[in-house]
Amino acid sequence: MTPKNSIKEITKVMQYEPLLFAVISKEQITTKLKKCMDRYFNYALVDNDEIKYIGYTGNLYHRMRQHKPRRFNKVLIMEFDNEEIARANEKIMIKALRPESNYQFC
5 MTPKNSIKEI TKVMQYEPLL FAVISKEQIT TKLKKCMDRY FNYALVDNDE
55 IKYIGYTGNL YHRMRQHKPR RFNKVLIMEF DNEEIARANE KIMIKALRPE
105 SNYQFC
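Taking this note's numbering as reference, the numbering of the sequence shown is continuous, increasing by one, and the terminal residue is 110.
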């Protein structure tokens, strides 16, 4: 059975279409994300297909370095060309999926 807050479920609650939608492993973060600066992103930290945390950032590489101690094995990345849409989408996803490490917007 798929958890209520799985990667498959996140696409059902998103109201805005991202420019990019990708899943990368924790090991790929440093090599793949250094080029992703000064853009608008939502991201989800995933462990065994369960979303543990959803966030927003303008610097994905820096934010992932801050999350390094957390337990996750994949990162779901959604890129947007508009900051307000990315922030609104974060709020919608947190309210709908209620990841265990998010407390705001619930």
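All C-beta atoms in this analysis are idealised placements derived from N, C-alpha and C, irrespective of residue type, glycine included.
Based on Cα-Cα distance, which residue from Gln-32, Leu-24 and Leu-101 lies nearest to Tyr-65? Gln-32
Outcome for Pro-73 when other beta-carbon atoms lying within 10 angstroms are tallied against a minimum of 16: exposed
State the start and end residues of the unbroken alpha helix (DSSP H) segment that holds Glu-88. 87-101
Contact check, Leu-78 vs Val-27, beta carbons under 7 Å: Note on residue identity: the sequence assigns Lys, not Leu, to residue 78. Yes, the Cβ-Cβ distance between Lys-78 and Val-27 is below 7 Å.
Quick check on Tyr-65: does DSSP put it in helix, strand or coil? Tyr-65: helix per DSSP, three-state reduction.
Provide the residue span of the beta strand (DSSP E) that contains Leu-24, from first to last. Per DSSP, Leu-24 belongs to the beta strand (DSSP E) from 24-29.
How long is the line joining the alpha carbons of Lys-30 and Arg-102, rounded to whole angstroms? 22 Å
With respect to the beta strand (DSSP E) encompassing Glu-4, which residues constitute its N-terminal and C-terminal limits? A question about residue 4 goes unanswered here, because the residues of the chain that appear run from 5 up to 110.
What does DSSP give as the partner residue(s) for Val-50 in the beta ladder? Ile-55 and Lys-78
Tyr-107 burial status per 10 Å Cβ neighbour count (16 or more: buried): With fewer than 16 other Cβ atoms within 10 Å, it is exposed.
Mind checking whether Ile-89 and Tyr-20 have CB atoms under 7 Å apart? yes
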